[in-house]
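Structure, as C-alpha cells:
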Amino acid sequence: MEKIAVLTSGGDSQGMNSAIRAVVRAGLTYGYEMIGVKRGYKGLIENDFITLGSKDVSDILYRGGTFLQSARSEEFKTEAGQNKAINNLKKRGINHLIVIGGDGSYRGAQSLQKQGINTFGLPGTIDNDIPLTDYTIGFDTTLNVIQDAISNLRDTMSSHERVSVIEVMGRKCGDLALQAGIASGVDAVIIPEFNYDIKAIANQLSQGFERGKTHSIVMVAEGAGTAKEIAEVIKEHSILDTRPTVLGHIQRGGTPTAFDRLFTSRMGHQVIELIHQGKTGVALGMEKNKITSHTFDEIFQSKNEIDEKLYKMFHDLI
Ligand code: ADP
Ligand code: F6P
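This note's numbering puts the first residue of the sequence shown at 1, with every later residue one more than the last.
Right, dumping it as C-alpha cells:
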C-alpha cells in the first residue's frame, strides 16, 4: 500500500485541521496508508510519525490550530537536516509528502521535491502572501477575528472620543489590513505596499471629529509600522487622543469560518486526486473559485501582489 504523509509547518492557521482531515479521509478512501508528522519539519528530522485512521481526524474540522502541531526548524534548512528527513521518509516507505504551510515551508517543500521526494503544498498561513492563489488557509477566519476586535474597540473609543490604531499581522503583506479594513469601515489603512502621508491622515481624522465623529479607527499592517509609533505621530500632528492596540496572536485562533472549512476540504480532497493521477511537485490554491495547482518553481517565479483596485476602492469609500 502506498503511503502519504502530511505535516503542518510554520505559523499555524485556522483551517489547518480541516485540511488534515480532508487529506486523511480522501487518502483512506483512495486506498492509501496515511501518516501524520508531528511538529512540521522538526518531526520529520526527529522521526516523529503517527499512523492516521479516519477516527483520528474526527472532531477537528471546527477546531483552530493544528492537532499535528507546528514548528520552525533551523536544522531543516541545512543539507544535513534535510538528509535526515529524507532518510526517515525512505525508511518508513513514504512515497508522498503533503506540506501545509506558508512561504518558508514551501521553500522546504521545493527543496525536498528537488531531492526526489514527491512533495505537495497547501497554502497554510493567515498572511495571504502566497502567489497564484486568491486565498490562503486561515485568512478569511482572521479577517473575521479582526472585524470582531474592531467592533469591540469602537465601543470604548466612542465613549472616550479617541482614535484607535490597531496593528494586525501579515508579515510583508498588507492584505489582512486592507481587506479587514474595508470590511470594518476603518478610516485609514497603512500597508507596506503603498506610501502614506501621516500628516494627511491626521488631518483627515481631525476633520472627522470636527464633523461630529466620536471615534476613528486606523489600521496598520505590521510590515508598515507599529501601532505605537503611528499612534504617537498622529498625536504629534493633531490634538486627537490616540490608543495603540496590537492584536497579536489572537488573530491566529478561533474556529475556522465556513469559507476556510470548505476551501481546505476542497484542496485536501484535490491533492489526493492529483497524487492518484501521478502528479508531483505542485502546490494547490484557489483562483476564481476553482481549486488550481502550480509547480513550486512556478509559484516562486511569481509575485504575490496586492489588489491595487481594492486599495483605491477603500479610499473612494471613506
Ligand atoms: P511559514 O511557512 O509560515 O512561512 P517559516 O518561514 O518560519 O514559516 O518557515 C517554516 C519552516 O520552513 C522553517 O522553520 C524551516 O524549517 C523551513 N524553511 C524555511 N525556509 C526554508 C528554505 N529556504 N529552505 C528549506 N527550508 C526552509
Ligand atoms: O506567518 C504568520 C504570522 O502570524 C505572521 O503574520 C507573523 O508575523 C508571524 O507569523 C508571527 O510569528 P510567531 O508565531 O513566531 O510569533
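Cβ coordinates follow ideal geometry from the N, Cα and C atoms, glycine included.
{"Query": "DSSP bridge partner residues for residue 215 (one or two, in chain order)", "Result": "Residue 215 is not bridged to any residue."}
{"Query": "Helix, strand or coil at residue 289 according to DSSP, with G and I counted as helix", "Result": "coil"}
{"Query": "Among 138, 197, 213, nearest to residue 159 - alpha-carbon criterion", "Result": "213"}
{"Query": "Near the ligand ADP: residue 78 beta-carbon under 6 Å from a heavy atom", "Result": "no"}
{"Query": "Beta-carbon contacts of residue 101 that lie in its chain and below 6 Å, excluding the five residues immediately before and after", "Result": "9, 10, 124"}
{"Query": "Delimiting residues of the alpha helix (DSSP H) encompassing residue 206", "Result": "198-210"}
{"Query": "beta-carbon residue 255 near the ligand F6P non-hydrogen atom, thresh 6 Å", "Result": "no"}
{"Query": "CB contact flag (residue 223, residue 256, <7 Å)", "Result": "no"}
{"Query": "Cβ separation of residue 130 and residue 19, assumed to be a contact under 8 Å, to the nearest whole Å", "Result": "Not quite, the Cβ-Cβ distance comes to about 14 Å (not below 8 Å), so this is no contact."}
{"Query": "Option in 103, 89, 118, 56 with minimal Cα separation from residue 277", "Result": "118"}
{"Query": "Rounded straight-line distance, which links the Cα of residue 74 to that of residue 31", "Result": "35 Å"}
{"Query": "Whole-angstrom distance between residue 148 and residue 99, CA atom to CA atom", "Result": "31 Å"}
{"Query": "heavy atom of the ligand F6P below 6 Å from residue 260 C-beta", "Result": "no"}
{"Query": "Coil, strand or helix - residue 85 by DSSP", "Result": "helix"}
{"Query": "Residue burial classification, residue 142 (beta-carbon count within 10 angstroms, cutoff 16)", "Result": "buried"}
{"Query": "Inter-residue CB distance, residue 85 and residue 268 (contact presumed, cutoff 8 Å)", "Result": "About 22 Å; that fails the 8 Å criterion."}
{"Query": "Any non-hydrogen atom of the ligand ADP within 6 Å of residue 125 CB", "Result": "yes"}
{"Query": "CB contact flag (residue 220, residue 227, <7 Å)", "Result": "yes"}
{"Query": "Endpoints, the beta strand (DSSP E) within which residue 99 is located", "Result": "96-101"}
{"Query": "Residue from 165, 312, 61 whose Cα sits closest to the Cα of residue 247", "Result": "165"}
{"Query": "CB of residue 37 within 7 Å of CB of residue 71, strictly", "Result": "no"}
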